[in-house]
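Trainee: Structure below; questions to follow.
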Amino acid sequence: MQVVEKPGEGLSRSYGVRVPAMELGALLDARIAEITPTLNLKGFRPGKVPHGHVRRLYGKALMGEVIEKTLNETSQKVLEDHGLRIASRPDLRPSSDMTQVLAGREDLAYDLDVEVMPEFDPIDVSTLDLTRLIYRPAPEELDEALAEVVNQNRTYEPRSGESPKAREGDQVVVDFVGRIDGAVFEGGEAKDVRLVLGSSQFLPGFEAQLVGASVGAMTPVTAAFPDDYPVERLRGKQAQFEVTVTEVLAPKAAKADDALAERLGMKDLAALTEALRANLEKEYQGASRFKLKRALLDALDGRHDIALPPRMVEAEFDGIWRQVEKDNAEGARSPEDEGKTEEALRAEYRRIAERRVRLGLVLAEIGRRENVVVTEQELSQAMREEAMRYGDQAQQVFDLLRQNPDTHAQMRAPIYE
């Protein structure tokens with residue numbers, strides 16, 4: 430094998446590789462000798478097919494195997510011999526006439542183009558001045574949390590009086606029949622439905638029209654299905670309902686006491702209060718960690734001016750832009766994108782792609798120097814979680830991620846964090 434290094438710019442490296450036809454011929458002969466004992470052809474004893482006959486029958490196909498294996502092995506050897514840490518999958522561009530190479534009449538020659546990882550010294554993270562926020566719930570916050578628990582655990586009892594009328598906050602039991610354009614629609618009839626007036630658990634405006642309704646009386650209600658209603662055929666449609674209230678129940682407030690705590694599986698009120706305190710602290714710890722992480726990543730991004738592998742940036746940008754186009758098609762356009770031209774948006778999202786690649790490289794280099802290793806199990810788990818976002822196609826997406834080395838470096842960065 431002959432290798433000639435060619436001029437390259439930035440992180441690009443290019444090599445001209447040539448494997449003599451004689452060497453390919455020797456490999457072909459070895460491959461024929463390897464399979465001959467396994468052949469069972471008509472007119473020949475098993476394993477006794479002449480070399481020349483095998484070559485005439487299978488020579489072209491076997492030479493194709495030899496060439497493919499030679500391309501893989503020689504390109505890998507070039508990378509290893511030159512100590513290259515590649516940033517993306519190499520490109521192999523044949524420069525010889527492959528028809529002649531398959532026929533054994535010409536050397537196998539190709540150009541190997543590859544992008545390498547940038548060489549740089551990451552900053553010492555211990556020199557960064559970062560602030561971690563520590564949160565302790567204030568007494569009034571605990572009081573609010575406890576009041577919410579009390580409110581969520583209130584009970585209801587029948588409202589007193591003859592033919593009581595429903596009030597805001599009451600729980601009512603209703604039977605209803607709903608029609609669209611005069612016809613009862615599928616799912617438009619129900620009995621013994623419980624709903625709390627003012628809870629917004631039903632169609633917009635539905636509950637408000639039941640305030641003041643009496644037990645046993647039919648109340649007409651008109652309400653429209655939201656445009657994002659789960660049942661597509663009902664979206665945006667206006668319906669008329671005949672609603673009969675069969676029972677009105679008034680809320681009965683729970684008390685913040687040991688009995689409530691015991692109902693919730695706690696020893697006493699003090700234990701319940703402590704659990705609420707822990708939950709509040711956990712919520713704020715998540716926010717604190719997010720702010721600290723953002724500050725750290727901002728610092729790392731600002732302190733590293735390094736060359737970025739163009740293919741990595743392009744792959745990251747393509748992924749971001751595909752998601753942007755998907756969101757736009759589904760009507761989920763980001764409010765921050767409103768009023769901006771496509772050119773401006775592309776420039777903005779390219780900067781985001783560059784930041785992600787830069788941070789990925791910095792974190793990877795810090796991890797490499799500190800011997801932080803992302804295991805194959807961790808990488809596989811991250812790929813599986815990403816693939817699960819695609820529902821029924823999860824397995825196919827997972828297989829594609831595993832087979833695409835370009836995605837591996839991109840997925841390692843979040844695990845390093």
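Per the numbering used here, residue 430 is the first one in the sequence shown, and the count goes up by one each step.
Glycine included, C-beta positions come from ideal geometry on N, C-alpha and C.
Fair warning: this is a prediction, and the values are worked out from it, not measured in the lab.
1. Between the C-alpha atoms of Gln832 and Gln806, what's the straight-line distance to the nearest angstrom?
2. Return the bridge partner residues of Val801 from the DSSP annotation.
3. Per DSSP, Glu615 forms a beta bridge with which residues?
4. Count the other CB atoms within 10 Å of the CB of Pro568; is the residue buried (16 or more) or exposed (fewer)?
5. Relative to the C-alpha of Gln836, which candidate in Gln822, Gln824, Ala811 and Tyr819 has its C-alpha closest?
6. Pick out whichever of Ala538, Asp458, Leu468 and Gln822 has its Cα sitting closest to the Cα of Val432.
7. Is the beta carbon of Leu678 sitting closer than 7 Å to the one on Pro587?
8. With three or more C-beta pairs closer than 8 Å as the rule, is the segment 657 to 675 touching the segment 537 to 557?
9. How long is the line joining the alpha carbons of Glu759 and Val753, rounded to whole angstroms?
10. Along the beta strand (DSSP E) that carries Phe827, what are the first and last residues, could you check?
11. Give me the Cα-Cα distance between Gly848 and Tyr713, rounded to the nearest whole angstrom.
12. Name the two residues that bound the continuous beta strand (DSSP E) containing Met647.
13. Relative to the alpha-carbon of Gly472, which residue among Glu463, His482 and Ile464 has its alpha-carbon at the smallest distance?
14. Tell me where the alpha helix (DSSP H) around Gly731 begins and ends.
15. Confirm, please, whether the CB-CB distance from Met647 to Thr847 is below 7 Å.
16. Alpha carbon to alpha carbon, how far is Ala707 from Ala574?
17. Would you kindly check if the distance between the Cβ of Gly607 and the Cβ of Phe670 is under 7 Å?
18. Express the C-alpha separation of Gly590 and Leu562 in angstroms, rounding to a whole number.
19. Would you list the one or two residues that DSSP bridges to Thr528?
20. Applying the criterion that 16 or more other CB atoms from any shown protein chain within 10 Å of the CB defines a buried residue, is Leu491 buried or exposed?
21. Nearest-angstrom Cα distance between Ala685 and Ser809?
22. Going by beta-carbon coordinates alone, are Leu541 and Tyr444 separated by less than 7 Å?
23. Are the C-beta atoms of Ile844 and some chain C residue less than 7 Å apart?
24. Indicate whether Arg784 and Asp730 have their beta-carbon atoms separated by less than 7 Å.
25. Just grab the DSSP bridge partners of Tyr444 for me.
26. What would DSSP say about Gly476, mapped onto helix, strand or coil?
Mentor: Quick answer:
1. For Gln832 and Gln806, the gap between their C-alpha atoms comes out near 15 Å.
2. Under DSSP, no beta-bridge partner is assigned to Val801.
3. DSSP output for Glu615 lists no bridge partner at all.
4. A residue is called buried once 16 or more other Cβ atoms fall within 10 Å of its Cβ, and Pro568, having fewer, is exposed.
5. Per the sequence shown, residue 836 should be read as Thr rather than Gln. With distances taken between CA atoms, Thr836 lies nearest to Ala811 out of Gln822, Gln824, Ala811 and Tyr819.
6. Among Ala538, Asp458, Leu468 and Gln822, the Cα nearest to that of Val432 belongs to Ala538.
7. For Leu678 and Pro587, yes; Cβs fall inside 7 Å.
8. Judged by Cβ distances under 8 Å, the segment 537 to 557 makes no contact with the segment 657 to 675, as fewer than three pairs qualify.
9. A direct Cα-to-Cα measurement between Glu759 and Val753 gives close to 10 Å.
10. Bounds of any beta strand (DSSP E) do not take in Phe827; it lies within the alpha helix (DSSP H) bounded by Ala823 to Gln832.
11. Residue 848 lies beyond the range of the chain shown here (430 to 846); nothing can be said about it.
12. For Met647, the enclosing beta strand (DSSP E) starts and ends at Met647 to Ala653.
13. Considering only alpha carbons, the answer is His482.
14. Looking at the DSSP string, the run of the alpha helix (DSSP H) that includes Gly731 is Leu698 to Gly731.
15. Since the displayed the chain opens at 430 and closes at 846, residue 847 lies outside it and no answer follows.
16. For Ala707 and Ala574, the distance between alpha carbons rounds to 11 Å.
17. Yes, the Cβ-Cβ distance between Phe670 and Gly607 is below 7 Å.
18. When rounded, the separation of the alpha-carbon atoms in Leu562 and Gly590 is 55 Å.
19. For Thr528, which the question treats as bridged, DSSP gives no partner whatsoever.
20. Leu491 is buried by the Cβ-count criterion.
21. Distance between the alpha carbons of Ala685 and Ser809: 48 Å.
22. Leu541 is a Cβ neighbour of Tyr444, given a cutoff of 7 Å.
23. The structure shown contains no chain C, having only a single protein chain.
24. Cβ distance < 7 Å, so Arg784 and Asp730 count as in contact.
25. Tyr444 pairs with Glu434 and Leu541.
26. If DSSP states are grouped into helix, strand and coil, Gly476 belongs with coil.
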